[in-house]
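In what follows, a single structure is set out as structure tokens and then discussed.
Protein chains: 2
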Amino acid sequence: MDDVFKALADPTRRRILDELADRDSQSLFEICARLTTKHGLGLSRQGISQHLAVLEAAGLVRTRRQGRYKFHDLNTEPLERILNRWLRPDVPESAQ
Amino acid sequence: MDDVFKALADPTRRRILDELADRDSQSLFEICARLTTKHGLGLSRQGISQHLAVLEAAGLVRTRRQGRYKFHDLNTEPLERILNRWLRPDVPESAQ
DNA sequence: TCGATAGGAAAGCGCTGACTTGCCTATGAT
DNA sequence: ATCATAGGCAAGTCAGCGCTTTCCTATCGA
Numbered sequence: 788m789d790d791v792f793k794a795l796a797d798p799t800r801r802r803i804l805d806e807l808a809d810r811d812s813q814s815l816f817e818i819c820a821r822l823t824t825k826h827g828l829g830l831s832r833q834g835i836s837q838h839l840a841v842l843e844a845a846g847l848v849r850t851r852r853q854g855r856y857k858f859h860d861l862n863t864e865p866l867e868r869i870l871n872r873w874l875r876p877d878v879p880e881s882a883q
Numbered sequence: 788m789d790d791v792f793k794a795l796a797d798p799t800r801r802r803i804l805d806e807l808a809d810r811d812s813q814s815l816f817e818i819c820a821r822l823t824t825k826h827g828l829g830l831s832r833q834g835i836s837q838h839l840a841v842l843e844a845a846g847l848v849r850t851r852r853q854g855r856y857k858f859h860d861l862n863t864e865p866l867e868r869i870l871n872r873w874l875r876p877d878v879p880e881s882a883q
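Protein chains in written order, with the working numbering: chain F, 788 to 883; chain H, 788 to 883.
This is the structure in structure tokens:
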């Protein structure tokens with residue numbers, strides 16, 4: 788739970804989540820390419836790799852290996868848990 | 788929006804939000820006292836003051852002065868905005 | 001008016017975190 | 001078998017953040 792907030796604290800990581808929300812099952816290189824072209828982020832491959840590791844540790848990103856590729860998928864479950872902490876439970880159960 | 792995530796990144800600030808969610812309209816000294824007694828946080832008054840400033844800048848805490856007192860209230864509106872960024876809009880409007 | 005109380009400003013320190021660079025492993029194509 | 005590709009590991013650098021300390025301002029009670 789602590790890791791989720793830390794993971795969300797970085798703007799680059801939020802961009803990555805945006806990117807995965809837009810298109811699931813991207814590899815590291817795909818994400819690199821899209822971040823640089825679409826958002827103009829000039830970041831090394833290793834930098835993004837580390838960000839993905841943080842997101843995965845926080846449970847915000849799920850990964851699966853396939854050959855020499857590793858695909859990343861967004862997992863919004865931890866986000867839904869955050870909101871129950873301070874938002875009154877008038878948030879309906881369907882949102883959890 | 789950027790400030791909201793940064794503000795939420797620190798565990799002490801989340802404790803403060805918890806405290807304000809539990810009881811509204813607390814002064815700085817009240818918050819200090821409650822954090823130390825209830826949560827065992829050994830933090831200086833100035834430390835908490837700075838945390839409150841960060842929370843206020845992020846819009847998560849609203850303040851109003853009354854004489855020499857400054858009361859703090861929780862404002863969950865920025866949290867509700869986070870919902871829409873990655874969670875699908877199947878979250879009903881009533882939760883926003 | 002004087003002192004106590006509530007809060008703010010600014011400087012300084014230590015530590016964490018983001019990012020790069022260089023090297024290493026594993027899978028796939030030729 | 002060999003080389004390119006996809007990805008990981010580790011060390012090192014640098015800026016930002018949390019926290020303390022010290023000093024300063026403003027409001028209230030005696």
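C-beta atoms are modelled at their ideal positions from N, C-alpha and C, and glycine is treated no differently.
Item                                                                                                              : Value
Interface partners of residue 809 of chain H on chain F, CB under 7 angstroms                                     : Per Cβ cutoff of 7 angstroms: no residues; residue 809 of chain H is ~10 angstroms from chain F at best.
Residues within the stretch 855-873 of chain F neighbouring chain H, beta-carbon criterion of under 8 angstroms   : 861, 863, 866, 867, 869, 870, 872 and 873
Whether residue 792 of chain H touches residue 795 of chain F by CB criterion (7 angstroms)                       : yes
Simplified DSSP state of residue 815 of chain H, which is helix, strand or coil                                   : helix
Per-residue burial, residue 813 of chain F [other beta carbons within 10 Å of its own, 16 or more giving buried]  : buried
Short CB-CB distance (under 7 angstroms) between residue 844 of chain H and chain F                               : no
Between the CA atoms of residue 817 of chain H and residue 854 of chain H - distance to the nearest angstrom      : 16 angstroms
Same chain, Cβ closer than 8 angstroms to residue 801 of chain H, neighbours up to 5 away in sequence not counted : 795
Pairwise C-alpha distance: residue 819 of chain F and residue 836 of chain F                                      : 9 angstroms
Coarse secondary structure for residue 807 of chain F, derived from DSSP in three states                          : helix
Enclosing beta strand (DSSP E) for residue 861 of chain H [first to last residue]                                 : 856-861
Span separating the alpha-carbon of residue 873 of chain H from that of residue 805 of chain F                    : 7 angstroms
Local Cβ density within 10 Å of residue 845 of chain F, reported as buried at 16 or more and exposed below that   : buried
Min CB distance residue 826 of chain F to chain H below 7 angstroms                                               : no
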